[in-house]
């Protein structure tokens, strides 16, 4: 275990929390620090490369703080949460497609019930194709959090079963989409087509609200 | 997915948070509610039987609140956190043995980097043998949390690699103990003997502080 590396991580997390607290959110510094530290702990459970952990924590914690703020302020922009097991294939692809097809009119999030350490390489190539190198490189598998469910208007589950608390006012759908982890190149294209069709149909229901 | 069941869960969680807030802890109701909800979400990711989820959440949230309170108050009772991958074998056994052998003079906790849905049946029988039916029935696999690490004086890792933030003032040890999941009855006895010897040695170092 790399003791020194991680000791410096803790200082970096404290600084990160201080910076995030300075943002416009109406949250106490203590709560922000706790969310940053807990985000790190939950990513550390699954991440394979520890030197990226602090930057992953920053992205994950920012999303969680945005989810909490959104839950408080009741934003008008619809938010959709895609859930699968590994958050390495289907849910990443669906979120990227919805972001892309809605052109920013919908916020798409994704998470997994047992997140992998990395996105499936075939899916990563598709993400780059959909939304470009820099944006797709920002994506990473992350665990389902309570904040993410509460911030969502729609939750789409894909093969992850009964992992999601059911809340009043949130719409739930189960999509029966194959797992890209076991798919060939051709199968992967079909999965992308399948998800694209479903995302377009979903987008229609959100625009007509 | 059992939608109705989970809708009632959310009300139960809100009541649970209200009850826990009435305790002696110096924590805001908002923070307690958040910890209760997040505990539920993280257990829901791995639990196999959803009807036990609320009672598991109560036990997990109480531990987490105790960990946070302990970190604030700097208790004199040493606390040890045992970590393995599944929190279904080695770490459960080590925590039960340390609780038993220390006779309450040490607080033992356990957690996993990828918690299973259930404790390994052979280990569950040993836990019952060590600490009795009612206490052993209270044990369950749970994910590593930041609070648990910060509340610990000693963290013992068993085969779960680099998952734990390294903090100043916390002592870390790696124990090379085989995984009971793949063990026969005889092997399991040997693992218990191995852990018992290590726990006794650890206890000596804690008593001599």
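Residue numbers (my numbering), protein chains in the order written: chain Z, 1 to 209; chain V, 210 to 418.
Quick reminder that beta carbons are idealized off the backbone N, C-alpha and C, glycines included.
Small disclaimer: the values here were computed from a predicted structure and weren't measured.
Within chain Z, the residues that residue i reaches when beta carbons sit closer than 7 Å
i, result
"residue 413/V", "By Cβ distance, chain Z contributes nothing, its closest Cβ being about 24 Å from residue 413/V, past 7 Å."
"residue 254/V", "113, 114, 143, 144 and 163"
"residue 290/V", "In chain order: nothing, as chain Z lies at least about 12 Å away."
Contact set between residue i and chain Z, taken where Cβ atoms lie within less than 9 Å
i, result
"residue 247/V", "38, 145, 146 and 147"
Proximity to residue i [Cα-Cα], best of the options
i, options, result
"residue 306/V", "292/V, 339/V and 294/V", "339/V"
"residue 20/Z", "12/Z, 90/Z, 32/Z and 11/Z", "32/Z"
"residue 300/V", "263/V, 237/V, 277/V and 401/V", "401/V"
"residue 232/V", "406/V, 278/V and 221/V", "278/V"
"residue 271/V", "342/V, 416/V and 354/V", "354/V"
"residue 100/Z", "40/Z, 127/Z and 111/Z", "127/Z"
"residue 14/Z", "391/V, 376/V and 387/V", "376/V"
"residue 85/Z", "18/Z, 142/Z, 148/Z and 45/Z", "142/Z"
"residue 196/Z", "64/Z, 18/Z, 45/Z and 94/Z", "94/Z"
"residue 52/Z", "181/Z, 12/Z, 125/Z and 123/Z", "12/Z"
"residue 152/Z", "82/Z, 183/Z, 87/Z and 182/Z", "82/Z"
"residue 56/Z", "36/Z, 71/Z and 67/Z", "36/Z"
"residue 369/V", "9/Z, 18/Z, 45/Z and 111/Z", "45/Z"
"residue 29/Z", "43/Z, 60/Z and 65/Z", "65/Z"
"residue 148/Z", "226/V, 247/V and 217/V", "247/V"
"residue 121/Z", "188/Z, 18/Z and 27/Z", "188/Z"
"residue 138/Z", "206/Z, 10/Z and 59/Z", "59/Z"
"residue 41/Z", "321/V, 235/V and 218/V", "321/V"
"residue 216/Z", "135/Z, 16/Z and 102/Z", "Coverage of chain Z is limited to positions 1 through 209, which leaves residue 216/Z absent and any answer about it impossible."
"residue 349/V", "395/V, 389/V, 298/V and 387/V", "298/V"
"residue 386/V", "395/V, 403/V, 393/V and 342/V", "403/V"
"residue 296/V", "393/V, 263/V, 333/V and 344/V", "333/V"
"residue 54/Z", "16/Z, 34/Z and 27/Z", "16/Z"
"residue 150/Z", "27/Z, 18/Z and 67/Z", "67/Z"
"residue 26/Z", "43/Z, 9/Z and 71/Z", "71/Z"
Chain A contact for residue i (CB, 9 Å cutoff)
i, result
"residue 39/Z", "Within the model displayed, chain A is absent; protein chains Z and V are what it includes."
* Asked: Are there three or more Cβ pairs, one per stretch, closer than 8 Å when the region 74-83 of chain Z is compared with the region 104-111 of chain Z?
  -> yes
* To do: Note down, in chain order, all residues in the region 379-395 of chain V with a beta-carbon under 9 Å from any beta-carbon belonging to chain Z.
  => 381 and 383
* Asked: Any contact of the region 199-208 of chain Z with the region 110-128 of chain Z, i.e. 3+ C-beta pairs under 8 Å?
  -> no
* Could you please tell me which residues of the region 321-354 of chain V, in chain order, have their CB closer than 7 Å to any CB of chain Z? => 322, 323, 352, 353 and 354
* Complete beta strand (DSSP E) runs within the region 35-96 of chain Z (minimum length 3 residues, chain order) -> 79-84
* How do the region 347-367 of chain V and the region 378-393 of chain V stand: do at least 3 beta-carbon pairs fall below 8 Å, yes or no? -> yes
* 3 or more residues per run - each beta strand (DSSP E) lying fully within the region 132-160 of chain Z -> 154-157
* To do: Name, going along the chain, the residues of the region 58-78 of chain Z whose beta-carbon falls closer than 7 Å to a beta-carbon of chain V.
  => none
* Asked: Relative to chain V, which residues along the region 95-109 of chain Z have a C-beta separation below 8 Å, given in chain order?
  -> none
* To do: Taking a Cβ distance cut-off of 7 Å, strictly less, list which residues of the region 229-245 of chain V are near chain Z, in chain order.
  => 240
* Which runs of the beta strand (DSSP E), 3 residues or longer, sit entirely within the region 376-416 of chain V? -> 380-383
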